[in-house]
Amino acid sequence: MTETLHSPARAFGADSPLAYLLDLADQASGAPSDQEQRDDAETAAAHHVYQAYAYSLAGAVDAVAWQGYPAVREAGGRRWEASAVAWLDGGLWLHHTLRVTEADGASDVLTLIVPCTCGCGYVDIGLDSEDVLIDILTELRPTVGRSPHDDRDPLDCASVKTVPYIGHIGSPGSWR
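In case it helps, the working numbering puts the sequence shown at residues 726 to 901.
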C-alpha cells in the first residue's frame, strides 16, 4: 500500500457555525496559548515581588519590567513551568517561576542570577525571603554585584558556563 494520507480540505467557511464551534472546542481544551502563559508568568512574578519583597524589590522592579516565557515541553509533558525574568542592570537578573507539586500545589521560586567576578558565567542564588535578599546584596556590594570567588583557583568558580540543552529548543551548548 503506497497511498499517502493527506489532511482533508476544510469543507466549511471561516465564519460558519462549524468553524465557531470548533474554535470553542479549542478554547475549552484548557491549554493556554504561549502568549497567555507569558502574561500569566509576568503577572505572577510581579505579584510575588510586591507581596514577598515589599520593602526591597517592589521599589526597584516595576511590574512592566518582567518578560514572560511559556512552559518548555518535552515528550508531551512540561519540563519547566512558564517563567519571567527582569533585568536589574549590571548583569544581574531576577528569574521567577512556580514549582508545582501534588503535595504542596504551586509555590513561588525567585532566583537572583549574578555574574561571576571572573567573567566566565553566572551563579544562581535562590531567594527565600527579603532577609535572605538583603544578606546576599550585602555580600555582593564589595564586588559591585559580582559573585566573588578566588581568581587564583579556577575550581573555586561555581558559575554556569554553558547553556544547558533544553529538548527541542537548541543543540547542546547553543543558545537557541
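Ideal placement from N, C-alpha and C gives every residue a C-beta, glycine not left out.
Predicted model, so just to flag it, every value in this text is computed and none were measured.
- Counting along the chain, residue 849 sits inside no alpha helix (DSSP H); it lies in the beta strand (DSSP E) bounded by residues 847-852.
- Contact between residue 785 and residue 855 does not hold, since the beta-carbon distance rounds to 12 Å and is not under 8 Å.
- Residue 814 and residue 839 have their alpha carbons spaced roughly 10 Å apart.
- Fully contained in the stretch 736-798 are the following beta strand (DSSP E) runs of length 3 or more, in chain order: 792-794.
- In the assembly as shown, residue 826 is an exposed residue. Its beta-carbon has fewer than 16 other beta-carbons within 10 Å.
- In the DSSP assignment, residue 833 falls within the beta strand (DSSP E) that extends over 830-840.
- Distances from the CA of residue 808 to each of 765, 739 and 857 were compared; the closest alpha carbon is that of 765.
- C-alpha of residue 829 to C-alpha of residue 749: approximately 32 Å in a straight line.
- Of the candidates 870, 806, 852 and 769, 870 places its Cα closest to the Cα of residue 843.
- The shortest C-alpha to C-alpha distance from residue 835 to any of 769, 863 and 747 is the one to 769.
- Inclusion of residue 793 and residue 767 in the CB contact set at 8 Å is warranted, their separation being smaller than that value.
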